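Sequential numbering of the sequence shown, starting at 64, is according to our numbering. Where is the CB? At the ideal position from N, CA and C, for every residue including glycine. None of the values given here were measured: they were computed from a predicted structure. Structure first, then comments.
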Amino acid sequence: MARQNTPASHWTDGVCRANGINIHYLRTGGNKPTIIALHGLAGNSVCWSPIARALEQHYDIIMPDARGHGQSSAPLHGYTYQDHANDVIELIRTLGIKSPYLLGHSMGGMTAAMVASRLGLAINGVILADPTFLSAEWPHEVYHRQLVEQHQQMLTSSKEALFKADKAKHRFRASAIIEHLIEARLQTSLQAFDVLIPPNPEFDELIRNIYVPTLMLLGSEGVVSAETARALHRINPDLQYKVIQDAGHGLPYDEPARLAAAIHAFLKPKTAAKPRLQATPGMFSMRAAYAY
């Protein structure tokens, strides 16, 4: 039997060719509504394991490694959010996924919002878990340099030392997920941190151009404030938001049960809802996505 919080033995381990690189993914499988789960910076597909195990009875969950992460290719260049979004769109097209839901955490949340703004009604809904919706004034370049320096230092440390430090910092986080995160960080290329270099997507414009039900899940101590969420709801009334109390940015790692319950509660009525609206030809379709 698979250990809790680890990939189950019946999950598919596959590779998809997208935009000239290999995108590795895990997939829970089954003839069920599909969720494409996009991890954050320095994460990988395995980091979704607690959420996927909680939801796989009801959903077919596809968990790709972003370029420069996990077992996917790590090209020397091409780490903008546009590049990440292009990879997800190509993954959907290549695997023949019809009407998926998008789930994204942190960097994956911004990527999911960009994909949703481009695919329109070709997707069924979006869940954004504390996405990197940061103001233009936020010091992206300084943070980029700091993270690269930290990553370089981390590569010289032993896994035992990294585990001890992470466990002290996140004492309530499950040991298995800490191990997954350490392995994911060790697999992350330095170039992957280029996603933090400006210019950054105008997230309010992305939200304005999403035409399907959207849920934003925030940690009360996370990156996105409730004030920002309220402002985005005014821009797009189809966006709902929920604040998970006593939680920070690491929602999938620290609060997997509450996060999975919120995701299922949001999606459950929609999986049995009326047939979705047909995409407007040439505007809301996979074909339209390649015009960007």
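- With respect to the 9 Å criterion, Met-126 and His-147 are not classified as neighbours on the basis of their beta carbons.
- Ala-71 and Arg-116 have their C-alpha atoms roughly 8 Å apart.
- The three-state reading of DSSP puts Val-258 in helix, counting H, G and I together.
- Residue environment for Asn-94: exposed (fewer than 16 other C-beta atoms within 10 angstroms of its C-beta).
- Residue Ile-245 holds the alpha-carbon nearest to the alpha-carbon of Thr-219 among Ile-245, Leu-154 and Ala-175.
- In the DSSP annotation of this structure, the continuous segment of the alpha helix (DSSP H) that includes Tyr-316 starts and ends at 314 to 317.
- Across the set His-87, Val-78, Pro-96 and Val-109, the C-alpha of Val-109 shows the shortest separation from the C-alpha of Ala-239.
- For Val-306, the CB contacts under 7 Å within the same chain, skipping 5 residues up- and downstream, are Leu-281, Ser-283 and Ala-289 in chain order.
- Contact check for Leu-154 against Ile-86 passes: the beta carbons are separated by less than 9 Å.
- The alpha carbon of Pro-300 has as its nearest neighbour, out of Val-275, Asp-317, Gly-311 and Glu-318, the alpha carbon of Val-275.
- The DSSP-derived three-state label of Leu-249 is helix.
- Setting aside the 5 residues that flank it on each side, Asp-267 is surrounded in the same chain by Ala-294, Leu-295 and Ile-298, each with a C-beta closer than 8 Å to its C-beta; the list follows chain order.
- Residue nearest to Ala-323 within the set Ala-100, Arg-80 and Ala-81 is Ala-100 (criterion: CA-CA distance).
- Across the set Thr-97, Pro-264, His-243 and Tyr-316, the C-alpha of Thr-97 shows the shortest separation from the C-alpha of Ser-162.
- Burial is judged here by how many other beta carbons sit within 10 angstroms of a residue's own beta carbon; Asp-76 has fewer than 16 and is exposed.
- Here Val-258 is buried: its Cβ has 16 or more other Cβ atoms, across all protein chains shown, within 10 Å.
- Across the structure, Ala-129 and Ser-135 are spaced so that their CA atoms are roughly 7 Å apart.
- Rounded to the nearest whole angstrom, the C-alpha separation of Leu-278 and Leu-184 is 16 Å.
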